[in-house]
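See below for the structure under consideration.
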Amino acid sequence: MKAKLLTGLIGACFAAPVLAQSNVTIYGIADAGIQVARFGKGTQTNLASGIADGSRLGFKGVEDLGGGYRTIFTLESRIELDTGAMGTGYLATPAGNVPLTDGLPAAVAAKLGPTILGPRINSNNAIFDRQAYVGLVTPVGAFLFGRQYTPGYEVAVKIDTFEAGTGGTLLTSLIQGSGGFLTPGAAARANQALQYRLQLPNGIGAAAMYGLNSGGATTGSLGLSKRFWGANMTYKANGFDVGVSYNTETDQNGDKSLTTATVGGSYAMGDAKLFAGYHRMKNDHPALVPLLTPAIGAALAGIVGDNAKINADVYTVGMQYRIGAGRILGVVGHNNDKKAGNSDASLLALGYDYDLSKRTDLYVTLSHVSNENASQRTPGAAGYYSGFSADPGQSANALQFGMRHKF
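Taking my numbering, the leading residue of the sequence shown gets 867, the next gets one more, and so forth.
Okay, here's the thing in structure tokens:
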């Protein structure tokens, strides 16, 4: 089924194509490959889904109401090609995460291990985990209601040379706290979200989002927050694709939780595309504490909560360069940890992407994460975290290669 891009206001709102005139489009991405990783104790080789892009199946629709008004909807499901499941955990699971359990009795730390390694993306097996919303497009902007990407995430992707995929992505390699899934450094999506979007013909765009907590349901980066707010401004024209954003949320007690600010993007000139960006992340009240309290008690959960706090700046520069049907990608990134432990981490990645057709490509990425002090970060991917290095301060390397088809 051949898709056509919507024009006008919603053209910049969505990454996937939509058919106009009251039509529904089925679309998706099938992405799978091999990861060969060395995180300190031996080499692990895995077949993985979602290395360069999260595999997905989605439905989009639009109805033209006339007078510049349209109704739209998107329902997008996560698909793991390696298992057929809707959710994934850590690809590799070494001994565990040391800094997150620092200060706990040995027996409790051992008990907490499965809790740390157990969480996975889409743990509640939601059918449409990636996106699920309906909206109204008007002459003065678009109003969207449901589970959506946040304004902050939209700009975080703009500064990512590897476009939020493979071991070169900042999002699962550097933009996180000490606990992987449990301590994200960016809110990708928000449940129960209300969003207003505006896209002007000159390339200027803006978005504002508010996440509710109603009927016992929650919102935010882990789906555990009481409130969520986010906003951004973007510019995409004349070779520039840049933006600035701010996200913040509160825990169930109303205390400020994960808060992020992101600025940067890319500039295209000829065959080259240059990237630069800055991401600020801070979380003094991690939402994971309520998850751990029933298992280990309030006092010990508080210790883990202190360990899981985030206070860091991430810097990055990178470049894409097109040669014929292929692209070379390279990035350097650094996580400047401002906590007392000073657990910095640096990312260096080089990749190549070759287009077999307009819809199918082959890719390969070699990535290296250099950890300092208590840091245990490892190269991630679009659809999963790889886990933790075997020991604090130990470097991690990954070679990933795979195939992606868009339909």
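The beta carbon of each residue, even a glycine, is placed where N, CA and C say it ideally should be. Please read all numbers here as calculations on a predicted model, not as lab measurements.
Measure the beta-carbon distance from residue i to residue j and round it to whole angstroms, keeping in mind my assumption that it falls under 8 Å.
i: Thr1032; j: Gln1266; result: 5 Å
i: Asp1203; j: Ala1178; result: 5 Å
i: Ala1097; j: Ala1074; result: 5 Å
i: Ala1053; j: Asn963; result: Going by Cβ atoms, the distance from Ala1053 to Asn963 rounds to 21 Å, so no, they are not a contact pair.
i: Glu929; j: Phe994; result: In fact, because the Cβ distance is near 19 Å, the residues do not count as touching under 8 Å.
i: Thr1128; j: His1145; result: 5 Å
i: Ser1123; j: Lys1024; result: Going by Cβ atoms, the distance from Ser1123 to Lys1024 rounds to 24 Å, so no, they are not a contact pair.
Go ahead and label residue i buried or exposed: buried means 16 or more other beta carbons lie within 10 angstroms of its beta carbon, across all protein chains shown.
i: Asn1237; result: buried
i: Thr1038; result: buried
i: Asp1117; result: buried
i: Asn1208; result: exposed
i: Ser915; result: buried
i: Asp1121; result: exposed
i: Ser1223; result: exposed
i: Gly1046; result: buried
i: Gly1163; result: exposed
i: Thr940; result: buried
i: Ile1041; result: buried
i: Thr909; result: exposed
What does the alpha-carbon distance come out to for the pair residue i and residue j?
i: Gly894; j: Phe1273; result: 5 Å
i: His1151; j: Gln1186; result: 37 Å
i: Gly1252; j: Asn912; result: The amino acid occupying residue 1252 in the given sequence is Ser; Gly does not appear at that position. Distance between the alpha carbons of Ser1252 and Asn912 is about 10 Å.
i: Pro960; j: Gly933; result: Per-residue confidence for Pro960 stands at a pLDDT of 49, beneath the threshold of 50, marking its modelled position as unreliable; the derived number appears in the next sentence. In a straight line, the C-alpha of Pro960 is about 58 Å away from that of Gly933.
i: Ala1167; j: Gly1071; result: 42 Å
i: Ala849; j: Ala975; result: Residue 849 lies beyond the stretch modelled for the chain, which goes from 867 to 1273, so this question has no answer here.
i: Gly899; j: Gly1171; result: 35 Å
i: Lys1175; j: Pro1005; result: 43 Å
i: Gly1355; j: Ser1044; result: Since the first residue shown for the chain is 867 and the last is 1273, residue 1355 is missing from the structure and cannot be characterised.
i: Thr1125; j: Lys977; result: 30 Å
i: Thr1027; j: Ala1211; result: 18 Å
i: Thr891; j: Gly927; result: 6 Å
i: Ile987; j: Asp948; result: 15 Å
i: Asn1119; j: Arg1093; result: 10 Å
i: Ile938; j: Val1003; result: 7 Å
i: Ile1169; j: Met1099; result: 38 Å
i: Asn1079; j: Trp1095; result: 12 Å
i: Ser1233; j: Leu1213; result: 7 Å
Check whether the Cβ atoms of residue i and residue j sit closer than 8 Å, and answer yes or no.
i: Ala903; j: Asn1263; result: yes
i: Gly920; j: Arg944; result: yes
i: Leu1036; j: Val1230; result: no
i: Met1135; j: Gly1105; result: yes
i: Ser1111; j: Gly1018; result: yes
i: Thr1049; j: Leu1154; result: yes
i: Ala1215; j: Gly1034; result: yes
i: Ala991; j: Gly953; result: Note on identity: in this sequence residue 991 is Asn, with Ala being the wrong assignment. In contact: Asn991 and Gly953 (Cβ atoms closer than 8 Å).
i: Ala1191; j: Asp1221; result: yes
i: Pro965; j: Ala1240; result: yes
i: Gln1058; j: Gly1077; result: yes
i: Gly1268; j: Ile917; result: yes
Can you find the residues in the same chain that come closer than 6 Å, C-beta to C-beta, to residue i, ignoring five residues on each side of it along the sequence?
i: Leu1010; result: Tyr999, Gly1001, Gln1061
i: Gly1069; result: Tyr1101, Lys1102, Ala1103
i: Tyr1015; result: Arg1055
i: Val1021; result: Asn1098, Gly1109, Ser1111, Thr1128
i: Gly1246; result: Thr1038, Ser1039, Ser1252
In chain order, what residues of the same chain have a beta carbon less than 7 Å from the beta carbon of residue i, not counting five sequence neighbours either side?
i: Arg1225; result: His1271, Lys1272, Phe1273
i: Val1183; result: Phe1141, Ala1142, Val1198
i: Asp1227; result: Asp1219, Tyr1220, Asp1221, Arg1270
Sorted by chain position, which residues of the same chain lie with C-beta nearer than 8 Å to residue i's C-beta, five sequence neighbours on each side aside?
i: Thr1244; result: Ala903, Phe905, Ala958, Ser1039, Val1235, Tyr1251, Ser1252, Gly1253, Phe1254, Ser1255, Ala1262, Ala1264
At least one CB of chain D closer than 8 Å to the CB of residue i: is that the case?
i: Ala1174; result: In the displayed structure, chain D is absent; only one protein chain is listed.
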